[in-house]
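As they're listed, the protein sequences go chains A and B.
Per my numbering: the first sequence = residues 1 to 364.
Per my numbering: the second sequence = residues 1 to 364.
The next block holds one structure in the form of structure tokens; read it before the comments.
Protein chains: 2
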Amino acid sequence: MTKRRAITSAEIAREAGVSRATVSAVLNEARGNIRVSEDTRRRVLETVSKLRYVPNPAAQALRLNRSGVIAFVSRTMHKTAFGHPISYQLQLHAAQAAAQRGSQLIEISPEITADGTGNASDDLFTVLLSRRPDGVIFDAPTTPDEVARVVEIGIPAVQLIRPHREVPTATVTVDATHGIDEAVEHLIALGHRSLLFLGNVDPHPANRSRLDAFRMALTRYGVPLPETAIALGPEYTLEGSIALARSALQRAPLPTAIFAAGDIFAVGALHVLHGLQVRVPDAISLVSYDDVYAPLLYPPITSVAQPLRDVAQRAIDILLQQIERADEPLAADEGGAHAHLVLPTHFVIRSSTQAPQSRGPGDG
Amino acid sequence: MTKRRAITSAEIAREAGVSRATVSAVLNEARGNIRVSEDTRRRVLETVSKLRYVPNPAAQALRLNRSGVIAFVSRTMHKTAFGHPISYQLQLHAAQAAAQRGSQLIEISPEITADGTGNASDDLFTVLLSRRPDGVIFDAPTTPDEVARVVEIGIPAVQLIRPHREVPTATVTVDATHGIDEAVEHLIALGHRSLLFLGNVDPHPANRSRLDAFRMALTRYGVPLPETAIALGPEYTLEGSIALARSALQRAPLPTAIFAAGDIFAVGALHVLHGLQVRVPDAISLVSYDDVYAPLLYPPITSVAQPLRDVAQRAIDILLQQIERADEPLAADEGGAHAHLVLPTHFVIRSSTQAPQSRGPGDG
DNA sequence: ATGAAAGCGCTAACAA
DNA sequence: TTGTTAGCGCTTTCAT
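As structure tokens, this is what we get:
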């Protein structure tokens, strides 16, 4: 069965007894082409659905200079199964939001892009451009250059979560404060005073802010967080987080509660605690940041969740708006007039936190 | 900054002092257009890279009647974060393989497609066609109709994992036998004789075969698997698998080993076992099928892994080959001449299995 | 070995 | 209100 040539607007026109221009006008009345009589409109629409006509997107793209594609440039590789769950979630929600608004999200990532020759970085950009996206979402870009190049070409872009502020694009970020405040309040209310912070060393302010928010919240309750209670690992991997947790939990006495600034660190802590036969939450409470693995673990982890769906949706909205605006030549507002959305985190209580067992006063 | 119009082949032609036809010939020499002198070839190529020219895919698609897109129709929704990890992995690998071969994978799923009106099924098909894919990968299609409609239109298709055999397409499936044989051999060698099978009720042979393979392997060792040692749940969810494990593990005495015919069932079992304070693997061994969550759990679960990367790659290869062949009008070989690949599973030993503790003879 | 010209399917000026 | 026409950027006969 050779691939049949698909129905074209010409066939619809012939069948409905009108011109191709009229078919187009009927189908695109949303774009301000309202000029057809109710009668022809109905006739065309009937023919369209009878013949199951769907416009050829390539022809539309060529004509409109609009690919209908939004590129999602995801952070480095997710080689491992669930290496970058946040990125994955963002992409999923973005794809959904894009589809609902008539666009197609495509993923551009070193992993997808790599052609085995290893020339990833330059290649990524070429691949990106070769797809002619109408807009680009950068999910935590590694370098400002990637973003800058896209902006230079004049493609609307928005950076998520960990933006490079020096590049003038719209941004959608998350404020860790609210969720972490609640988490700390929760722990303090339970009676915890001896805490351990597990996180990663990352120069980016967005990550730094997790620790800052944690520290500030504690300060508000007059609970100190000594440097020895802060363990920062270099890697965002299971192995790395296990190693981190192991070294942090070696020192006795154990804290009564752990704040893991990322689900992966909670997984690491859990592995080590299990090994040490320290039960959660009986002997030690655990709170994580991310809320992606959290519900799957045992016990289900109390966690600070990022509004990933909202981030993605807003990003798509902003992008589509920019794309729209780019059409109108009257857009004289240049420069720094970009949206900068900051969305709050929230706190989900599960089964990994409870009041500390009294181990005698002065302990910790 | 208004979006600059991109470079066209005409500009390359002018800059290099040749015609557009020649530029095209140089760029498409792979397609048998070898007709340019070495000298012009070099000149054109230089200009191309100097001006960073990338052909407009929409124009190419229009001209060649070839979108360069492969659709991945994924199984129902993955509402939850990691609801369908297998599907996710397949898609990831397929996207990678497609990219390496110059195609773009796009996801078509009810979730992405849904426009809030709820008319998912018909809409999905429309969306699929509207993208004009060169080929379609069905990841465990729910109904044969979906596939049949695509086949009727003449678009190359391949079904993965759980194909509808009555629809004539190529298939790439997985044989559970090998991995499960090894798993059973492993358990038997450790000394396990009292086993529990956790799985789901699914009429599809591919799922049924997990139980069959397990049973047959046990039979080979003369170990019986009574009906009471088979627990089948209706759902493939965390909640469902916890409920299943709970009811299955109520009956004393406990088995010495559990085979979970899916990682999610291992998660459920782990939750329940933790709750019962039964330590894995000390008190009970656990083996899973899937190997997706398995390495992340505590303890890391010994598991049967499916060759997901191979499945995806082979699917893409088959598809691309079919697409290629569809071009040549000489393709008279119609009908049932489709590839049917069956790939083996393999077995990964981690930390969730060990010899059973002796609880006295005659036990279990 | 190279160029001229047609046409893929669509939309938007412009005419009627 | 509708039709005619041009052209988006590309590839591919067919001439040369």
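Virtual Cβ for every residue (Gly too), placed ideally from N, Cα, C.
Values in this document were obtained by computation on a predicted structure and should not be read as measured data.
(request) For chain A, find out if any of its Cβ atoms is closer than 8 Å to the Cβ of I242(B); answer yes or no. (result) The count along the second sequence starts at 1 and reaches residue 242(B) at position 242. Cβ-Cβ to chain A under 8 Å: no for I242(B).
(request) Assign S285(B) to one of three DSSP states: helix, strand, or coil. (result) On the second sequence, residue 285(B) is found 285 positions in, with the first residue counted as 1. It is a strand residue.
(request) Determine the direct distance from the alpha carbon of I318(B) to that of Q306(B), and round the result to whole angstroms. (result) One-based indexing of the second sequence puts residue 306(B) at position 306. One-based indexing of the second sequence puts residue 318(B) at position 318. Approximately 19 Å between the Cα atoms of the pair.
(request) Find out if the Cβ-Cβ distance for the pair A261(A), F347(A) is shorter than 8 Å. (result) By 1-based counting over the first sequence, the position of residue 261(A) is 261. By 1-based counting over the first sequence, the position of residue 347(A) is 347. No. Outside cutoff.
(message) Can you tell me which residues form a DSSP beta bridge with G199(A)?
(response) For the purposes of this step, residue 199(A) is taken as residue 199 along the first sequence, with counting starting at 1. G199(A) is bridged to L232(A).
(request) Following the continuous beta strand (DSSP E) through Q366(B), name the residue where it begins and the one where it ends. (result) Residue 366(B) lies beyond the range of chain B shown here (1 to 364); nothing can be said about it.
(message) Here's the rule I'm using: 16 or more other beta-carbon atoms within 10 Å means buried, otherwise exposed. How should D139(B) be labelled?
(response) Taking the first residue of the second sequence as 1, we reach residue 139(B) at position 139. When all chains shown are included, D139(B) counts as buried.
(message) Using a Cβ-Cβ cutoff of 7 Å, what residues of the region 129 to 145 of chain B are near chain A? List them in chain order.
(response) Residues of the region 129 to 145 of chain B with a Cβ closer than 7 Å to any Cβ of chain A, in chain order: L129, S130, R131, R132.
(message) If we define contact as Cβ-Cβ less than 8 Å, is P307(A) a contact residue for chain B?
(response) Counting from one through the first sequence, the residue named residue 307(A) turns up at place 307. No, no contact with chain B.
(message) Let me check one thing: in DSSP terms, what residues is T302(A) bridge-paired to?
(response) For this step, residue 302(A) is matched to residue 302 along the first sequence. Bridge partners of T302(A): V287(A).
(request) Compare the C-beta of S74(B) against all C-beta atoms of chain A and say whether one is closer than 8 Å. (result) For the purposes of this step, residue 74(B) is taken as residue 74 along the second sequence, with counting starting at 1. Against chain A, the CB of S74(B) has no partner CB under 8 Å away; the residue lies outside that interface.
(message) Strictly below 7 Å CB to CB, what residues from chain A border T126(B)?
(response) Along the second sequence, read from residue 1 onward, the residue named residue 126(B) stands at position 126. Within chain A, the residues whose beta carbon sits less than 7 Å from that of T126(B) are V54, listed in sequence order.
(request) Mind checking the region 297 to 324 of chain B against chain A and listing, in chain order, the residues whose C-beta falls within less than 9 Å of any C-beta there? (result) So the close ones are L297, Y298, P299, P300, I323.
(message) Can you give me the C-alpha to C-alpha distance between D115(B) and Q100(A), rounded to a whole angstrom?
(response) Position 115 of the second sequence, counted from the start, is the residue given in the question as residue 115(B). Position 100 of the first sequence, counted from the start, is the residue given in the question as residue 100(A). Reliability fails at D115(B), whose pLDDT of 49 lies under 50, so the model's placement of it is uncertain and the value that follows must be treated cautiously. Going from the Cα of D115(B) to the Cα of Q100(A) covers about 5 Å.
(request) Note down, in chain order, each residue of its chain lying with its Cβ closer than 7 Å to the Cβ of A326(B), except the 5 sequence neighbours on either side. (result) As a first step, residue 326(B) must be located in the second sequence, where it is residue number 326. Closer than 7 Å at Cβ, skipping near neighbours: P156.
(message) I'd like to know if E107(B) contacts chain A, where contact means its C-beta is closer than 8 Å to some C-beta of that chain.
(response) Counted from its first residue, the second sequence places residue 107(B) at position 107. Yes, E107(B) lies at the interface with chain A (some Cβ there is under 8 Å from its Cβ).
(request) Tell me, please, whether the CB atom of P57(A) is closer than 8 Å to any CB atom in chain B? (result) Taking the first residue of the first sequence as 1, we reach residue 57(A) at position 57. Yes - at least one Cβ of chain B is within 8 Å of the one on P57(A).
(request) Check whether the Cβ atoms of D351(A) and P281(A) sit closer than 8 Å, and answer yes or no. (result) Along the first sequence, one-based indexing puts residue 351(A) at 351. Along the first sequence, one-based indexing puts residue 281(A) at 281. First, the residue type needs correcting, since residue 351(A) is Ser and not Asp in the sequence shown. Taking 8 Å as the cut-off, the Cβ atoms of S351(A) and P281(A) count as close.
(message) Counting only C-beta atoms, is Q159(B) closer than 8 Å to chain A at any point?
(response) Indexing the second sequence from 1 puts residue 159(B) at position 159. Answer no: the Cβ-Cβ gap between Q159(B) and chain A never drops below 8 Å.
(request) Pull up the CB-CB distance for D310(A) and L343(A), whole angstroms please, since I reckon it's below 8 Å. (result) As a first step, residue 310(A) must be located in the first sequence, where it is residue number 310. As a first step, residue 343(A) must be located in the first sequence, where it is residue number 343. A Cβ-Cβ separation of about 5 Å places D310(A) in contact with L343(A) under the 8 Å criterion.
(request) Taking C-beta pairs closer than 8 Å, name the residues in chain A that S67(B) reaches, listed in chain order. (result) By one-based count along the second sequence, residue 67(B) stands at place 67. Ordered by position in chain A, the residues that pass the 8 Å Cβ test against S67(B) are P57, A58.
(message) Do A176(B) and T345(B) have their beta-carbon atoms positioned less than 8 Å apart in this structure?
(response) Looking up residue 345(B) in the second sequence gives position 345. Looking up residue 176(B) in the second sequence gives position 176. Yes, the pair counts as a contact, with Cβ atoms nearer than the cut-off.
(request) Would you kindly report the start and end of the unbroken alpha helix (DSSP H) that includes H93(A)? (result) To locate residue 93(A), count along the first sequence from 1; it is residue 93. Judged by DSSP secondary structure, H93(A) falls within the alpha helix (DSSP H) whose first and last residues are 85 to 100.
(request) State the Cα-Cα distance for the pair N207(A) and F259(A), rounded to the nearest angstrom. (result) Numbered from 1 along the first sequence, position 207 holds the residue referred to as residue 207(A). Numbered from 1 along the first sequence, position 259 holds the residue referred to as residue 259(A). Looking at the two C-alpha atoms, the distance is approximately 14 Å.
(request) Check T29(B) in the structure and name its three-state DSSP category. (result) Your numbering for residue 29(B) matches position 29 in the second sequence. The question names Thr, but residue 29(B) is Glu in the sequence shown. Helix at E29(B).
(request) Please classify G135(A): does DSSP put it in a helix, a strand, or coil? (result) Numbered from 1 along the first sequence, position 135 holds the residue referred to as residue 135(A). G135(A) falls in the strand class under three-state DSSP.
(request) Establish whether the CB of Q104(A) and some CB of chain B are separated by less than 8 Å. (result) Position 104 of the first sequence, counted from the first residue, corresponds to residue 104(A). True, the Cβ-Cβ gap to chain B drops below 8 Å.
(message) Using a Cβ-Cβ distance cut-off of 8 Å, determine whether L62(A) contacts chain B.
(response) Walking along the first sequence from the start, residue 62(A) turns up at place 62. Taking 8 Å as the threshold, the shortest C-beta distance from L62(A) to chain B falls below it.
(message) Can you tell me whether S19(A) is buried or exposed? The criterion is at least 16 other CB atoms within 10 Å of its CB, across all chains shown.
(response) The residue labelled residue 19(A) in the question sits at position 19 within the first sequence. S19(A) should be labelled exposed.
(request) Go through its chain and collect everything with a Cβ distance to S288(B)'s Cβ below 6 Å, but skip five positions before and after it. (result) Stepping through the second sequence from its first residue, residue 288(B) is reached at position 288. In the same chain as S288(B), and ignoring 5 residues on each side of it, the C-beta atoms closer than 6 Å to its own belong to A260, D263, A266, A294, I301, S303, in chain order.
(request) Determine the closest residue to I161(A) out of V167(A), G179(A), V136(A), T173(A), with distance taken between C-alpha atoms. (result) Locating residue 161(A) in the first sequence gives position 161, where the first residue counts as 1. Of the listed residues, the one whose Cα sits closest to I161(A) is T173(A).
(message) Determine, for L286(B), whether the minimum Cβ-Cβ distance to residues of chain A falls below 8 Å.
(response) Along the second sequence, read from residue 1 onward, the residue named residue 286(B) stands at position 286. Not closer than 8 Å to any Cβ of chain A, the Cβ of L286(B) fails to qualify, so no.
(message) Do Y221(B) and I188(B) have their beta-carbon atoms positioned less than 8 Å apart in this structure?
(response) Taking the second sequence and counting its residues from 1, one reaches residue 188(B) at position 188. Taking the second sequence and counting its residues from 1, one reaches residue 221(B) at position 221. Their beta carbons are under 8 Å apart, which means I188(B) touches Y221(B) by this criterion.
(request) May I ask you to report which of helix, strand or coil DSSP gives E166(A)? (result) In the first sequence, residue 166(A) corresponds to position 166, counting from 1. It is coil, neither helix nor strand.
(request) For L270(A), decide whether its Cβ has a neighbour in chain B, counting only Cβ atoms nearer than 8 Å. (result) Here residue 270(A) is taken as the residue at index 270 of the first sequence, counted from 1. The beta carbon of L270(A) falls within 8 Å of a beta carbon belonging to chain B, placing the residue at that interface.
(request) Check each candidate in L218(B), S49(B), V69(B), L90(B) and name the one with the smallest Cα separation from P57(B). (result) The residue you call residue 57(B) lines up with position 57 of the second sequence. P57(B) has its Cα closest to that of V69(B), out of L218(B), S49(B), V69(B), L90(B).
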